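J.: Supplied in structure tokens, the structure appears directly below.
Okay, here's the thing in structure tokens:
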């Protein structure tokens, strides 16, 4: 009887070959029709990015610049198209943000440029692109990643916006800040809110959900930090805008109380203070300004130091400020006038105290992967069986 | 150390220019 000897498979070099006419099928199955929740894509975070890169590597290997250009253009246009179609779905946007970043990191890691090869294994160095320098395409991908990031932030804000005032100020459990309810009622707030209302718990649950989705998609930790900083800013800005324009809040003692509470919060955990303080700064200034106004620090000094942080609407708050007892001073008319004059030439913002639409500039620090391309298994459910392993 | 390989720089269009090379024309047209 003949003995069946299994033939040793030729070493897989971590490249994927496809026929030119299959390019549209490739981006359709891998980008346009891919479900971010599918089991297949969650096995290896960034899998679509790795597959695209392995296809690109083969086009580079056969020295076909037209195929390289065409694949990059199709992939980028497909990502834009899916984001146009499902741009209000956090999961989709997060998924393509992390995959676009991973693709960008791959283009750097395997560029052959020494500055990006420091953490590569010898095998990864062997897998570097051999014919083309794609530095310009990296720039385009980076621009795309910025657009996706901004879309992610907008998407997140749309979900958070309706929760913030209700959760932070009306059903909150931090005592002594909002003054909405009589003291006796405060502790009765349960974490299960009535229909249409939100609690601090529901905001935290929502933030947790954003975080775990991003982790599941393999989003770079440095990028997650930037998203969190932005979330923190939005929640702080919307809360503060609402809070400080409440009549009962516009008093010296309340302003001091906020300033003091925030100081305590940041002191509670010194490790986060340095990082958080930068983000908190805009939140701290309005009460500080009000307090400063009341203790007669010249308005020019305050404005010159901090003009970046507050809009002309600060004047509204200063005008609302009312002494609650005989020991409190009224904000001097001169102080308000000076501030008004100094801010007159500023472009009028529709925002109140803080610009809730502000988006911090984003960066995508290089984050190489230790994953070896030749070990990647492609699940059948991705429907890319027409790709040949090379 | 071997000399680093010379790679050909591929000129890239901008994002907006890329969009004009729409690969999905058939689907998008009414």
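Chains as they are written, first to last, in the numbering used here: chain W, 1 to 390; chain G, 1001 to 1030.
For every residue, glycine included, the Cβ atom is placed at its ideal position computed from N, Cα and C.
Remember, predicted model here, so these are calculated numbers, not experimental data.
#1: Mapping DSSP to helix, strand and coil, what is residue 388/W?
#2: Spatial neighbours of residue 98/W within its chain, please: CB distance less than 6 Å, with the 5 preceding and 5 following residues excluded, ordered by chain position.
#3: Does DSSP put residue 165/W in a helix, in a strand, or in coil?
#4: Could you round the C-beta distance between residue 152/W and residue 134/W to whole angstroms and report it? I think they count as a contact, below 8 Å.
#5: For residue 16/W, which of helix, strand or coil comes out of DSSP?
#6: Under 8 Å between beta-carbons, which chain G residues line up against residue 76/W? List them in chain order, please.
#7: Rounded to whole angstroms, what is the Cα-Cα separation between residue 146/W and residue 332/W?
#8: Indicate, with yes or no, if the ligand ADP has a heavy atom lying under 6 Å from the CB of residue 315/W.
#9: Given that residue 260/W touches chain G, what residues does it touch there, using C-beta distances under 7 Å?
#10: Please report the Cβ distance between residue 40/W and residue 381/W, rounded to the nearest whole angstrom; I am assuming they are in contact, meaning their Cβ atoms lie under 8 Å.
#11: Check whether the Cβ of residue 132/W lies closer than 7 Å to any Cβ atom in chain G.
#12: Which residues in the same chain as residue 54/W place their Cβ atom closer than 7 Å to its Cβ, once the five residues preceding and following it in sequence are excluded?
#13: Evaluate residue 231/W with the Cβ neighbour count: other Cβ atoms within 10 Å of its Cβ, from every protein chain shown; 16 or more gives buried, anything less gives exposed.
#14: Going by other Cβ atoms of all chains shown within 10 Å of its Cβ, with 16 needed for buried, is residue 75/W buried or exposed?
#15: Give a yes or no on whether 7 Å exceeds the smallest Cβ distance from residue 1003/G to chain W.
#16: Taking a Cβ distance cut-off of 8 Å, strictly less, list which residues of the region 140-154 of chain W are near chain G, in chain order.
#17: Does residue 18/W have its Cβ less than 7 Å from a Cβ in chain G?
#18: Based on Cα-Cα distance, which residue from 165/W, 92/W, 63/W lies nearest to residue 35/W?
#19: Should residue 204/W be labelled buried (16 or more other beta-carbon atoms within 10 Å of its own) or exposed?
#20: So, helix, strand or coil for residue 132/W, using DSSP?
#21: How many Å lie between residue 202/W and residue 345/W at the Cα?
#22: Examine chain G for any beta-carbon lying closer than 7 Å to the beta-carbon of residue 73/W, and answer yes or no.
#23: Indicate whether at least one CB of chain G lies closer than 7 Å to the CB of residue 136/W.
#24: From what residue to what residue does the alpha helix (DSSP H) around residue 40/W run?
#25: Just the C-alpha distance for residue 121/W and residue 60/W, rounded to the nearest angstrom, thanks.
#26: Spell out whether any CB of chain G is found under 7 Å from the CB atom of residue 12/W.
#27: Using C-beta distances below 7 Å, list every residue in its chain close to residue 1014/G, excluding the 5 sequence neighbours before and after it, in chain order.
#28: Measuring CB to CB, does residue 18/W end up less than 7 Å from residue 72/W?
#29: Where residue 46/W and residue 101/W are concerned, what is the direct C-alpha to C-alpha distance, given to the nearest angstrom?
T.: On the basis of the data shown:
#1: Within the first chain, residue 388/W is the residue found at index 388, counting from 1. Here residue 388/W sits in strand by DSSP.
#2: Position 98 of the first chain, counting from 1, holds the residue named residue 98/W. Within the same chain, 217, 218, 219 come within 6 Å of residue 98/W by CB-CB distance, once the 5 residues on both sides are set aside.
#3: Position 165 of the first chain, counting from 1, holds the residue named residue 165/W. Residue 165/W falls in the helix class under three-state DSSP.
#4: Translated into positions along the first chain, residue 152/W becomes position 152. Translated into positions along the first chain, residue 134/W becomes position 134. Incorrect: roughly 25 Å between the Cβ atoms, too far for contact.
#5: Working through the first chain from its first residue, we reach residue 16/W at position 16. The three-state reading of DSSP puts residue 16/W in strand, counting E and B together.
#6: Translated into the one-based positions of the first chain, residue 76/W becomes position 76. Ordered by position in chain G, the residues that pass the 8 Å Cβ test against residue 76/W are 1015, 1018.
#7: One-based indexing of the first chain puts residue 146/W at position 146. One-based indexing of the first chain puts residue 332/W at position 332. Cα to Cα, the separation comes out at about 45 Å.
#8: The model depicted lacks the ligand ADP and carries no ligand whatsoever.
#9: By one-based count along the first chain, residue 260/W stands at place 260. Under the 7 Å cutoff, chain G gives no residues; its nearest Cβ is about 48 Å from residue 260/W.
#10: Taking the first chain and counting its residues from 1, one reaches residue 40/W at position 40. Taking the first chain and counting its residues from 1, one reaches residue 381/W at position 381. Contact between residue 40/W and residue 381/W holds: their C-beta atoms lie close to 4 Å from each other, under 8 Å.
#11: One-based indexing of the first chain puts residue 132/W at position 132. Interface annotation, residue 132/W: in contact with chain G, CB-CB separation under 7 Å.
#12: As a first step, residue 54/W must be located in the first chain, where it is residue number 54. Residues of the same chain with a CB within less than 7 Å of the CB of residue 54/W, apart from the 5 flanking positions on each side, are 14, 15, 16, 373 in chain order.
#13: Taking the first residue of the first chain as position 1, residue 231/W is located at position 231. Around the beta carbon of residue 231/W, 16 or more other beta carbons lie within 10 angstroms, which makes this residue buried.
#14: Indexing the first chain from 1 puts residue 75/W at position 75. By the neighbour-count rule (16 or more Cβ atoms within 10 Å), residue 75/W is buried.
#15: Locating residue 1003/G in the second chain gives position 3, where the first residue counts as 1. Unreliable positioning characterises residue 1003/G in this predicted model, as indicated by a pLDDT of 49, which lies under 50. A coordinate reading is not provided.
#16: Along the region 140-154 of chain W, the positions whose C-beta sits under 8 Å from a C-beta of chain G are 140, 143, 144, 147, read in chain order.
#17: In the first chain, counting from the first residue as 1, residue 18/W sits at position 18. No - not a single Cβ of chain G is within 7 Å of the one on residue 18/W.
#18: Residue mapping note: residue 35/W aligns to position 35 of the first chain, counting from 1. Comparing Cα positions, the closest option is 92/W.
#19: As a first step, residue 204/W is located in the first chain; it is residue number 204 there, counting from the start. Classification for residue 204/W: exposed.
#20: In the first chain, the residue the question calls residue 132/W occupies position 132. When secondary structure is reduced to three states using DSSP, residue 132/W falls in the strand class.
#21: Position 202 of the first chain, counted from the start, is the residue given in the question as residue 202/W. Position 345 of the first chain, counted from the start, is the residue given in the question as residue 345/W. About 41 Å.
#22: Locating residue 73/W in the first chain gives position 73, where the first residue counts as 1. Cβ-Cβ to chain G under 7 Å: yes for residue 73/W.
#23: Residue numbering aside, residue 136/W sits at position 136 when the first chain is read from its first letter. Yes, its Cβ sits closer than 7 Å to a Cβ of chain G.
#24: Position 40 of the first chain, counted from the start, is the residue given in the question as residue 40/W. Residue 40/W -> alpha helix (DSSP H) spans 39-43.
#25: The residue you call residue 121/W lines up with position 121 of the first chain. The residue you call residue 60/W lines up with position 60 of the first chain. Each residue's alpha carbon lies about 20 Å from the other.
#26: Start at 1 with the first residue of the first chain, and residue 12/W comes out as number 12. Not an interface residue.
#27: Position 14 of the second chain, counted from the first residue, corresponds to residue 1014/G. Here the set comprises nothing.
#28: In the first chain, residue 18/W corresponds to position 18, counting from 1. In the first chain, residue 72/W corresponds to position 72, counting from 1. No; because the gap between Cβ atoms is not below 7 Å, this pair is not in contact.
#29: Position 46 of the first chain, counted from the first residue, corresponds to residue 46/W. Position 101 of the first chain, counted from the first residue, corresponds to residue 101/W. Approximately 9 Å between the Cα atoms of the pair.
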